[in-house]
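Numbering (this note's numbering), first residue to last: 1384 to 1874.
In structure tokens, the structure reads:
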């Protein structure tokens, strides 16, 4: 009797589940149809409106909720069928605990599902791809789960990069004097024997990676021998081996580096995140310096200054081209590297900085200006002259014949204008002083805004409807009227 009841219950449950799945499918189909229709209507616009954004967020929330429900239901149904096969009551409590863990796991991933659905709805068009070596390789779609996993993996593997950075800084700042001298010696040998660039990587791969890995896999059997105990050292050697303050600082630095081996894995992740934050901050500062160099120093913001740099670069290139056959470049490169490292020595660097500050105080910052005056570089050219237009638009009031000021805009805002048809105000300002000239142009200080009274000409040049009426300097339609203002700009 109980088996018949269980069969009926399972049959009713499967029937209701199928019917509920059909209802969910119909909801998804309807929501996707609404989303596609709204996106097709907004294809001509530059962005999406607030109503469309709210609709896409709601649709993404519905999609993510249904997908989350189905994942949860499938996992629980599979688990319940597995446990129904065993009638032992002792398994019911662990099953409920496992179901609770599945629910918690699905809830954790719900935000990822929602963000992925929202991204796919808002950015529906095909995004441009970067160049790849293989033509069959394509960019992966933007997903929150993959991005979070990549960030987690990168921060866990960031320790090796930071260790390499620490090693380079220790070499440049002479905190490891033996390593610095050894690196400079190797670089000097490479300058005179470039073949070492091919030999040294092979030696590094062989004896630096493969041999230690082989010894790690097949360790050498330890040989025990009787060693003699050291009963002391002579007094003279003790007096001569007094540690200097620099050696104490170096030992402290080694102790600091040893701290990284003692911290736990959770703290190491935080350290990697901190290093990643500082690295990105350094990259941002470097990009800002590069942008300032390209856009200001080399971008003819100060034309005289940039012209002098241009002429110096051309002269230096010609001089190097003529003198390069007579220069020992191996000696020059090795000496330059040694000089760079010596300048960063802790005993020489601070003194050199003080000397440079004194030189800057003695010499004025107008050196380039003096060079310009000395060589009489004349850059004054005849400026380019052009004119810009703006439309002063008025809106008809409640009483016919009464017009109220609307705004200043570069759009005529005629009945065929796209902003007019969308029932949106065109881009513009309320005050004429807020009108800006085009980029890299300046308003002529000797000119003012002038009214263009030749309405037929400028309306024809702008391709406006000839049916529009003309009243004095205004071009009028049923709801708006506008007049054209012009002003001279220089470059």
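All C-beta atoms in this analysis are idealised placements derived from N, C-alpha and C, irrespective of residue type, glycine included.
Do residue i and residue j have their C-beta atoms closer together than 8 angstroms?
i: residue 1835; j: residue 1867; result: yes
i: residue 1715; j: residue 1570; result: no
i: residue 1653; j: residue 1539; result: no
i: residue 1726; j: residue 1735; result: yes
i: residue 1865; j: residue 1775; result: yes
i: residue 1800; j: residue 1810; result: no
i: residue 1797; j: residue 1847; result: yes
i: residue 1869; j: residue 1771; result: yes
i: residue 1778; j: residue 1863; result: yes
i: residue 1818; j: residue 1785; result: no
i: residue 1724; j: residue 1561; result: no
i: residue 1573; j: residue 1567; result: no
i: residue 1815; j: residue 1841; result: no
i: residue 1795; j: residue 1845; result: yes
i: residue 1556; j: residue 1729; result: yes
What does the alpha-carbon distance come out to for the pair residue i and residue j?
i: residue 1361; j: residue 1665; result: Outside the modelled stretch of the chain, which goes from 1384 to 1874, sits residue 1361, for which no answer is possible.
i: residue 1467; j: residue 1655; result: At residue 1467, the pLDDT of 49 sits below 50, so the modelled position is not reliable; the number obtained from the coordinates is stated separately. Their backbone Cα atoms lie some 48 angstroms apart in a straight line.
i: residue 1671; j: residue 1662; result: 14 angstroms
i: residue 1658; j: residue 1544; result: 10 angstroms
i: residue 1790; j: residue 1780; result: 15 angstroms
i: residue 1710; j: residue 1599; result: 49 angstroms
i: residue 1486; j: residue 1514; result: Here residue 1486 scores only 49 on pLDDT, less than 50, and its place in the model should not be relied on; the value that follows carries that caveat. Going from the Cα of residue 1486 to the Cα of residue 1514 covers about 42 angstroms.
i: residue 1849; j: residue 1528; result: 58 angstroms
i: residue 1706; j: residue 1575; result: 20 angstroms
i: residue 1583; j: residue 1577; result: 10 angstroms
i: residue 1552; j: residue 1650; result: 23 angstroms
i: residue 1792; j: residue 1812; result: 7 angstroms
i: residue 1855; j: residue 1766; result: 35 angstroms
i: residue 1690; j: residue 1698; result: 12 angstroms
i: residue 1738; j: residue 1701; result: 32 angstroms
i: residue 1743; j: residue 1524; result: 54 angstroms
i: residue 1542; j: residue 1601; result: 27 angstroms
i: residue 1853; j: residue 1530; result: 60 angstroms
i: residue 1740; j: residue 1722; result: 19 angstroms
Less than 7 angstroms between the CB of residue i and some heavy atom of the ligand PLP, yes or no?
i: residue 1833; result: Questions concerning the ligand PLP fall outside what the structure shown contains, since it holds no ligand whatsoever.
Spatial neighbours of residue i within its chain, please: CB distance less than 6 angstroms, with the 5 preceding and 5 following residues excluded, ordered by chain position.
i: residue 1851; result: 1858, 1860
i: residue 1713; result: 1574, 1575
i: residue 1821; result: none
For residue i, which residues does DSSP report across the bridge?
i: residue 1864; result: 1777, 1859
i: residue 1667; result: The partner list for residue 1667 (beta bridge, DSSP) is empty, contrary to what the question assumes.
i: residue 1869; result: 1772, 1833
Report all residues from its chain with a CB closer than 8 angstroms to the CB of residue i; omit the five preceding and five following residues, and keep chain order.
i: residue 1375; result: No information on residue 1375 is available, as it lies outside the stretch 1384 to 1874 that the chain covers here.
i: residue 1901; result: Nothing in the structure corresponds to residue 1901, since the chain is present only between 1384 and 1874.
i: residue 1678; result: 1684
i: residue 1667; result: none
i: residue 1591; result: none
i: residue 1695; result: none
i: residue 1586; result: none
Cutting at 7 angstroms between CB atoms, please list the residues of its own chain near residue i, excluding the five before and the five after it.
i: residue 1633; result: Legend: pLDDT at residue 1633 = 49, less than 50; position of this residue unreliable, value from coordinates given subsequently. 1558.
i: residue 1768; result: 1871, 1873
i: residue 1823; result: 1874
i: residue 1826; result: 1820, 1870, 1872
i: residue 1788; result: 1777
i: residue 1838; result: 1853, 1856, 1858
i: residue 1603; result: none
Alpha helix (DSSP H) runs contained entirely in the region 1777–1859, provided each spans 4 or more residues: At a cut-off of 4 residues, the continuous stretches assigned as alpha helix (DSSP H) that sit fully inside the region 1777–1859 are 1801–1804, 1838–1844.
Go through the region 1695–1753 residue by residue and report every complete run of the alpha helix (DSSP H) that reaches 4 residues or more, in order. Whole alpha helix (DSSP H) segments, 4+ residues: 1712–1726, 1732–1745.
Where in the region 1531–1583 do unbroken runs of the alpha helix (DSSP H), each at least 4 residues long, occur, reported from the N-terminal end onward? Listed in chain order, the complete alpha helix (DSSP H) runs (minimum 4 residues) inside the region 1531–1583 are 1541–1555, 1560–1575.
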